[in-house]
Each structure stands twice: as structure tokens, then as C-alpha cells.
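**Student:**
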Amino acid sequence: MQAPYQASMEVLKKREREEGRRRQAVGKWEKKLLEEGYLEAKLIHSLKITKMPLTIYLTFIYAILYLLHTNLRLDNRPIRLKKWPHLPLRFRHDGTFKILQVADMHFGTGVLTSCRDVLPSEFTYCSDLNTTRFLKTLIQLEKPDFIAFTGDNIFGPSTTDAAESLLGAFGPVMESGLPWAAVLGNHDQESTMTREELMSFISLLDYSVSQTNPPSIDIDGFGNYNLSVYGAPGSHLANSSILNLFFLDSGDRETVQGVRTYGWIKESQLHWLRSVSQGLQGQNQEFNYITENLPVATSPALAFFHIPIPEVRQLYYQKIIGQFREGVACSSVNSGVLKTLVSIKDVKAVFLGHDHTNDFCGNLEGIWFCYGGGFGYHGYGRAGLPRRARIILAELRKGDMAWMGVERIKTWKRLDDENLSKIDEQVLWEFQPSR
Numbered sequence: 001m002q003a004p005y006q007a008s009m010e011v012l013k014k015r016e017r018e019e020g021r022r023r024q025a026v027g028k029w030e031k032k033l034l035e036e037g038y039l040e041a042k043l044i045h046s047l048k049i050t051k052m053p054l055t056i057y058l059t060f061i062y063a064i065l066y067l068l069h070t071n072l073r074l075d076n077r078p079i080r081l082k083k084w085p086h087l088p089l090r091f092r093h094d095g096t097f098k099i100l101q102v103a104d105m106h107f108g109t110g111v112l113t114s115c116r117d118v119l120p121s122e123f124t125y126c127s128d129l130n131t132t133r134f135l136k137t138l139i140q141l142e143k144p145d146f147i148a149f150t151g152d153n154i155f156g157p158s159t160t161d162a163a164e165s166l167l168g169a170f171g172p173v174m175e176s177g178l179p180w181a182a183v184l185g186n187h188d189q190e191s192t193m194t195r196e197e198l199m200s201f202i203s204l205l206d207y208s209v210s211q212t213n214p215p216s217i218d219i220d221g222f223g224n225y226n227l228s229v230y231g232a233p234g235s236h237l238a239n240s241s242i243l244n245l246f247f248l249d250s251g252d253r254e255t256v257q258g259v260r261t262y263g264w265i266k267e268s269q270l271h272w273l274r275s276v277s278q279g280l281q282g283q284n285q286e287f288n289y290i291t292e293n294l295p296v297a298t299s300p301a302l303a304f305f306h307i308p309i310p311e312v313r314q315l316y317y318q319k320i321i322g323q324f325r326e327g328v329a330c331s332s333v334n335s336g337v338l339k340t341l342v343s344i345k346d347v348k349a350v351f352l353g354h355d356h357t358n359d360f361c362g363n364l365e366g367i368w369f370c371y372g373g374g375f376g377y378h379g380y381g382r383a384g385l386p387r388r389a390r391i392i393l394a395e396l397r398k399g400d401m402a403w404m405g406v407e408r409i410k411t412w413k414r415l416d417d418e419n420l421s422k423i424d425e426q427v428l429w430e431f432q433p434s435r
């Protein structure tokens with residue numbers, strides 16, 4: 001009986017000696033990694049993992065290295081931080097702030113995605129790259145301070161990788177380094193990402209100031225947020241928001257009483273809009289107090305969303321600037337968006353997408369509703385009708401010493417024709433001093 005017992009003891013002692021040597025070796029390895037500043041080693045050291053058996057230790061090391069390699073590297077390229085634009089958004093030294101609205105890019109996969117509704121005489125070959133070229137051209141021509149994408153940025157059914165399509169669609173603006181923001185349309189989510197995933201992804205792209213939703217607020221949709229534009233550098237209002245931009249998710253499709261219809265802006269979103277607007281107008285009272293000689297006036301706001309509200313149909317019978325070429329494809333549900341906008345008083349104009357061949361501006365109860373016009377070549381259009389985009393220009397009024405609040409908001413459109421024609425310039429709003 002002694003022999004088996006002694007043999008067992010010898011085996012245990014041998015294992016202890018081997019484990020001791022392993023621990024000594026691991027200690028030296030850990031020390032070296034710590035000296036080199038490896039994150040994995042710091043984590044392991046803080047967890048005192050060297051007390052674990054070597055196999056568990058090595059498994060843990062391997063798992064960290066694997067995750068770092070697979071999850072935090074793209075195409076074997078090292079990870080990097082998102083590039084941010086210069087913030088906050090603010091007016092230029094010359095007292096202007098220019099926005100380029102891009103509606104309905106309908107981007108697919110790039111060079112292999114064909115164009116729709118173009119004349120053979122217009123292009124030898126036409127693809128998403130024509131959309132990319134148009135966007136680059138407008139950025140160079142108009143030199144905007146900010147770009148607003150108003151939905152259907154990609155066309156889900158034409159891509160099997162939504163992330164790649166988004167990178168292709170927004171590539172020119174990311175290369176430009178300009179701040180930009182986006183909302184979703186009804187086609188963006190028809191590929192490999194949900195609406196929440198899409199907005200999260202968009203918010204992480206270079207120079208994007210898009211947001212998924214306000215933090216800690218229960219709200220319908222994804223992509224409801226506001227951005228503030230501050231006064232010109234060196235002015236009394238350099239640290240004050242004097243132009244507000246609201247972005248809202250108008251949804252995609254829903255079923256109402258068994259019938260499919262387009263989405264609409266919900267009450268939770270309108271409640272948020274009223275609340276934020278009230279808060280911003282409170283700040284507005286404060287900066288008017290600071291500047292003393294300025295009359296108290298609500299800072300103007302602009303709103304951006306994709307699907308038009310039902311009341312836009314009424315503009316067919318009213319005076320408009322631009323063309324009403326197709327029916328308004330809106331929801332069968334009227335959720336009271338116009339009533340809310342009228343009540344909060346600060347929104348002067350709303351910028352829409354969705355109906356590609358409409359490019360008009362029309363006024364409903366003192367608020368302008370303007371289509372951007374179809375931008376992308378993979379989206380439907382009309383043969384012979386150039387793709388187009390809308391420009392919005394806000395101008396400050398000049399005080400005795402410096403720039404003051406917003407004096408005027410103008411808009412026009414640019415066509416993707418031989419001359420990059422500028423058409424339908426108009427004034428949307430002008431400051432009226434109180435008497």
C-alpha cells in the first residue's frame with residue numbers, strides 16, 4: 001500500500017514544482033507586458049489572475065486578444081476614434097449660415113447600382129457614382145456650413161449590407177470634414193439594420209452630429225434631436241443659440257385598421273418638441289436681457305423630416321414656389337404636427353423628402369413646407385428632369401458693434417444640369433422688430 005501512496009505523492013510534488021515554474025514564468029511575462037503598457041496585461045494584473053491555473057490564464061489572454069482583433073479592427077486596420085467637426089455650430093464671420101439639404105439619395109452598392117428615369121442621351125453609364133459626384137460638386141460650389149440628409153439615404157432593397165451603403169452614401173461629406181446630420185426615411189431600414197441600429201451607426205460616423213434620440217426620454221422613433229447654431233464669433237451672441245434645428249423621425253410604414261399607410265410623427269415626439277422649444281425660448285429671453293438694446297424675439301427654428309404631413313396636399317390649390325408634380329404620399333393619420341408647429345411659434349420652415357419630383361415651397365398657417373427634390377440617381381424621378389438639392393441660407397442682422405440675431409432665412413435649389421442652375425430663390429422669413 002505504501003508504493004502507490006508514495007507514487008501519488010511524487011506526482012503531486014512534481015505537479016507543484018511544475019506549477020511553481022509556470023507561475024514564475026508567467027510573472028515575468030506579465031511584468032514585461034505591464035512595462036510595455038498593454039491593456040490586456042493591466043486588466044489581468046488588476047484582476048490578480050496570476051493566481052489562476054495557467055490554462056485559464058492563457059485562455060483569458062487569448063480571448064482578449066481575439067476580441068481586440070475581431071471586434072475592434074476593420075479589414076485588419078487599427079481602430080481609431082471618430083473625427084468630430086468644430087463645435088458648436090455657429091454663424092460665419094460674415095453673418096451667414098448655409099445648409100445643404102439632400103433628400104432621397106437612395107444609395108445602393110455604388111458603381112453596380114444603376115440609375116432610374118434618366119435619358120440615354122444624358123449619360124453613357126449611370127450609377128450611384130453620379131449621386132456621389134453631384135454631392136461632391138455641390139459641396140465645392142455652395143460651400144455649406146452644414147449638410148442635412150432628410151431620409152431614404154440608402155435604398156434597402158438594393159443592398160445586402162446597410163453599413164457599406166451608408167459609408168458609400170455619406171462618403172463625400174465625411175471626406176469634406178463638414179458637420180452633418182441625418183434622419184431616416186421609409187426605405188433605409190429595408191436591408192440589414194433596424195432603424196435604431198441605423199441611427200446609432202450614423203451617429204458614430206466621422207463629422208456626424210446626428211443623434212439616436214434624446215437621452216433618458218421615452219420617445220417614438222429613432223433620430224429625434226435638436227441642434228443649436230450659435231452667433232458669429234466675437235459678437236454679443238457668440239455663446240448663445242440663435243437658430244435651432246429640429247430633426248424628427250416620421251417613421252416608415254404602419255397598419256391602421258388593417259390598411260397599410262406611411263408613418264407619422266407621434267404624440268411623444270410632439271411632446272418632446274414642445275418641451276425643447278419652450279426651453280430654448282426661455283434661453284432666448286435671457287440673451288435678449290444680456291444684449292439690452294435688442295427687442296425680445298423668439299429665435300427662429302427649422303425642422304427636418306422625411307414624410308410630409310397630410311396638410312401639404314392643400315398646397316396644390318394655393319400659390320407655391322416650385323413644382324407640384326406628383327401626389328403627396330403621406331400617412332392616413334393626422335397626428336397634429338401642423339397644430340403643434342403653429343403653437344410653439346418658433347419653427348419658420350419645414351424641409352421634407354419622400355416625393356421625389358415635388359420641389360415646391362408652400363405656406364401653411366405661416367409656416368413654409370419645402371421639398372428638397374429628388375437627389376439620388378437610383379431613386380425614381382422623371383426622364384429629362386434633373387436631380388436637385390435645396391440650399392437654405394440664414395443671415396444675421398448687423399448691430400452697431402457686431403452681428404446680432406437672425407434677420408432673414410432664404411432658400412433656392414441647385415439642379416444637376418450642365419450649368420448647375422440656381423432656381424426658385426425666395427425669402428422664407430424675415431425678422432420683424434416689435435413695436
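Reminder that position 171 of the sequence shown reads as 171 in full-length UniProt numbering, one-by-one numbering, no gaps.
Even glycine gets a Cβ: it sits at the ideal position worked out from N, Cα and C.
What residue range is occupied by the uninterrupted alpha helix (DSSP H) comprising residue 136?
**Tutor:** It spans 128-142 - the alpha helix (DSSP H) in which residue 136 sits, taken as one unbroken run.
**Student:** Let me check one thing: in DSSP terms, what residues is residue 243 bridge-paired to?
**Tutor:** In the DSSP output, where bridge partners are listed per residue, residue 243 has 229.
**Student:** Where do the ends of the alpha helix (DSSP H) carrying residue 217 lie?
**Tutor:** Neither: residue 217 is in no alpha helix (DSSP H) and is coded neither H nor E.
**Student:** Quick check: the Cα distance between residue 177 and residue 391, rounded to an integer number of angstroms?
**Tutor:** C-alpha separation (whole angstroms): 18 angstroms.
**Student:** Let me know the secondary structure DSSP gives residue 276 once reduced to three states.
**Tutor:** The answer is helix: DSSP assigns residue 276 an H, G or I state.
**Student:** Would you kindly report the start and end of the unbroken alpha helix (DSSP H) that includes residue 198?
**Tutor:** Residues 195-203.
**Student:** Count the C-beta pairs between the stretch 403-413 and the stretch 324-340 that are closer than 8 angstroms, then say yes if the count reaches three, no if not.
**Tutor:** Touching, no.
**Student:** Would you check if the distance between the CB atom of residue 117 and the CB atom of residue 382 is smaller than 8 angstroms?
**Tutor:** Yes; because the gap between Cβ atoms is below 8 angstroms, this pair is in contact.
**Student:** In this structure, does DSSP put residue 420 in helix, strand or coil?
**Tutor:** Note: residue 420 maps to coil in three-state DSSP.
**Student:** Is it buried or exposed, residue 433, if we count other Cβ atoms within 10 angstroms and call 16 or more buried?
**Tutor:** It is exposed - the Cβ of residue 433 has fewer than 16 other Cβ atoms within 10 Å.
**Student:** Quick one: residues in its chain with C-beta nearer than 7 angstroms to the C-beta of residue 204, no 5 flanking neighbours on either side, listed in chain order?
**Tutor:** These residues qualify, in order along the chain: 82.
**Student:** Identify whether residue 100 lies in helix, strand or coil by the three-state DSSP scheme.
**Tutor:** Residue 100 falls in the strand class under three-state DSSP.
**Student:** At the level of alpha carbons, what is the spacing between residue 190 and residue 157?
**Tutor:** Going by the C-alpha atoms only, they are around 6 angstroms apart.
**Student:** Taking 8 angstroms as the cut-off, does the stretch 197-214 touch the stretch 106-120 (at least 3 CB pairs, one atom from each stretch)?
**Tutor:** In short, these stretches do not touch, since the Cβ pair count stays below three.
**Student:** Which residues in the same chain as residue 139 place their Cβ atom closer than 6 angstroms to its Cβ, once the five residues preceding and following it in sequence are excluded?
**Tutor:** The answer, listed in chain order, is 176.
**Student:** Skipping 5 residues on each side, what residues in its chain have a beta carbon closer than 7 angstroms to that of residue 159?
**Tutor:** Cβ neighbours of residue 159 beyond the five flanking positions: 108, 109, 165, 191.
**Student:** Please state the DSSP three-state secondary structure of residue 49.
**Tutor:** Low confidence applies here, because residue 49 scores a pLDDT of 44, under 50, leaving its location unreliable; read the following figure in that light. In the structure shown, residue 49 sits in a helix (DSSP, three-state: H, G or I).
**Student:** Using 8 angstroms as the threshold, is the C-beta distance between residue 303 and residue 95 below it?
**Tutor:** No, Cβ-Cβ distance for residue 303 and residue 95 is not below 8 angstroms.
**Student:** To test your reading of the DSSP string, which unbroken beta strand (DSSP E) runs of 3 or more residues are found completely within the stretch 144-191?
**Tutor:** Runs of the beta strand (DSSP E) inside the stretch 144-191: 146-150, 180-183.
**Student:** Among 223, 307, 338, which one has its Cα closest to the Cα of residue 440?
**Tutor:** Absent from the model: residue 440. The displayed extent of the chain is 1 to 435, so no value can be given.
**Student:** Report the three-state DSSP secondary structure of residue 313 (helix, strand or coil).
**Tutor:** Helix.
**Student:** What is the residue span of the beta strand (DSSP E) that residue 118 lies within?
**Tutor:** Unbroken run through residue 118: none, as it is neither H nor E.
**Student:** Buried or exposed for residue 212, going by 16 or more other Cβ atoms inside 10 Å?
**Tutor:** The residue in question, residue 212, is buried, as its Cβ has 16 or more Cβ neighbours within 10 Å.
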